[in-house]
Amino acid sequence: MKKWLYTALAAMMVVSLAACSGEKKEETKAQETTASENTSGSDGLGVDGDSSIAGPVDVSGMAEFQATVQKVDGTKLTVEYEDGTSITVDTTDAFVNPAWELMPGDEVTIFFEGDTDVPADGAKVAEVVMAVPYEYTSEDYSSEPQVYGEIVKIDDKSVTIREDEGINSDDGPKDGEEYTFKIPSYATTVGEAKVGDYAQALYIGKLGSDSAVTYRICTEEMMEDPASEVFEIKGTLAQFKTGIVYLKTDDGDVFGFTVDGDESLAKLAQESTGKKVKISYTDSIRMRVSTCNGITVIE
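So our numbering is basically just the index in the sequence shown, starting at one, shifted up by 104.
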């Protein structure tokens with residue numbers, strides 16, 4: 105059975121998040137696959153029996169093809185085949201890992217019963233496996249939004265930073281501007297941030313609006329420290345299912361992580377379900393599924 109070159113493609117993009125820095129650094133994504141709850145890779149699940157990549161469907165003997173998602177309309181999935189042809193398939197009875205809410209631009213492998221290269225338009229398929237997520241090919245995810253400058257105000261709930269190295273783009277930080285961010289329960293701080301310190305803040309949401317939230321603050325004095333190379337998020341490990349760790353924060357937000365085929369992490373995730381943890385990751389929590397490389401129980 106031909107296997108989609110997910111690992112090879114992703115491996116070419118494997119770069120850990122850059123250590124926090126006063127300079128504007130691009131922080132690129134790392135390899136992203138999903139990890140199996142069952143550590144055996146020979147149980148016939150998923151692609152070539154590898155349930156760390158696919159789901160609980162026996163696809164042995166099925167036909168498969170690769171395509172790019174164009175439109176998702178309920179159970180109707182429209183994709184573009186490699187020759188430029190578009191077809192719509194029915195995913196009513198198909199397994200699609202719920203952690204991946206398919207979106208245009210995703211490259212997927214589709215399994216179906218039949219002996220043709222592609223199924224007939226409108227045909228039902230058995231499984232849709234994520235191959236290359238849209239985030240890996242989009243400039244929107246090529247770097248982490250951040251501000252860097254002097255902390256002018258900080259408490260347990262928010263921080264205000266006067267930008268010192270703004271990129272001065274239409275939607276980016278501007279030199280001399282002050283930006284306020286909420287500090288959620290899942291945020292982490294590297295160093296002891298206080299008024300007058302210079303720091304980098306990574307954020308999600310719209311800059312300058314009430315939706316702007318910082319999930320990581322790194323003080324200037326810690327920028328060369330090994331601790332600055334660790335990216336973490338805090339919450340309760342709510343569930344480990346179909347290879348995905350679901351972390352629920354005290355604010356009610358839920359983040360998904362793959363343990364990337366690491367059997368020891370998969371075992372630790374199962375054992376830590378229901379506990380307060382810190383999850384370290386190697387790419388962006390803005391992605392639908394980030395890559396976990398460590399779990400630490402804190403309660």
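Positions of the beta carbon are idealized from the N, C-alpha and C atoms, including for glycine.
What first and last residue would you give for the alpha helix (DSSP H) that runs through residue i?
i	result
residue 372	367-375
On a CA-only basis, which of the options is nearest residue i? Give me that one, please.
i	options	result
residue 342	331, 307, 335, 361	361
residue 292	163, 384, 237, 374	384
residue 204	317, 165, 236, 401	236
residue 229	240, 211, 200, 257	200
residue 390	353, 399, 239, 311	239
residue 214	335, 185, 202	185
residue 388	349, 335, 231, 355	335
residue 400	299, 367, 339	339
residue 265	299, 332, 246	299
residue 408	178, 324, 333, 258	Since the first residue of the chain shown is 105 and the last is 403, residue 408 is not available in this structure.
residue 178	198, 187, 328	198
residue 394	330, 282, 363, 194	363
Looking at the secondary structure, which residues open and close the beta strand (DSSP E) in which residue i lies?
i	result
residue 352	348-352
residue 335	It is not in any beta strand (DSSP E) - residue 335 carries neither H nor E in the DSSP assignment.
residue 306	302-308
residue 234	231-236
residue 311	Premise fails: residue 311 is in no beta strand (DSSP E) and is neither H nor E.
residue 201	From DSSP, residue 201 is part of no beta strand (DSSP E); its letter is neither H nor E.
residue 360	358-362
residue 246	Unbroken run through residue 246: none, as it is neither H nor E.
residue 176	167-177
residue 385	380-385
Check whether the Cβ atoms of residue i and residue j lie closer than 8 Å to each other.
i	j	result
residue 206	residue 163	no
residue 344	residue 386	no
residue 359	residue 351	yes
residue 181	residue 189	no
residue 269	residue 280	no
residue 167	residue 244	no
residue 287	residue 314	no
residue 402	residue 381	yes
residue 171	residue 212	yes
residue 231	residue 161	yes
residue 275	residue 311	yes
residue 328	residue 303	no
Since I believe residue j is in contact with residue i (beta carbons under 8 Å), could you give me their beta-carbon distance rounded to a whole number of angstroms?
i	j	result
residue 301	residue 255	5 Å
residue 209	residue 173	7 Å
residue 258	residue 297	6 Å
residue 405	residue 355	This structure leaves residue 405 out entirely; the chain is present only between 105 and 403.
Heavy atom of the ligand PLP less than 7 Å from the Cβ of residue i, yes or no?
i	result
residue 177	No copy of the ligand PLP occurs in the structure displayed, which carries no ligand at all.
Evaluate contact between the region 244-256 and the region 306-324, counting only Cβ atoms and requiring at least three cross-stretch pairs below 8 Å.
yes
Below 8 Å, how does it come out for the region 314-330 and the region 282-296: are there three or more Cβ pairs, yes or no?
yes
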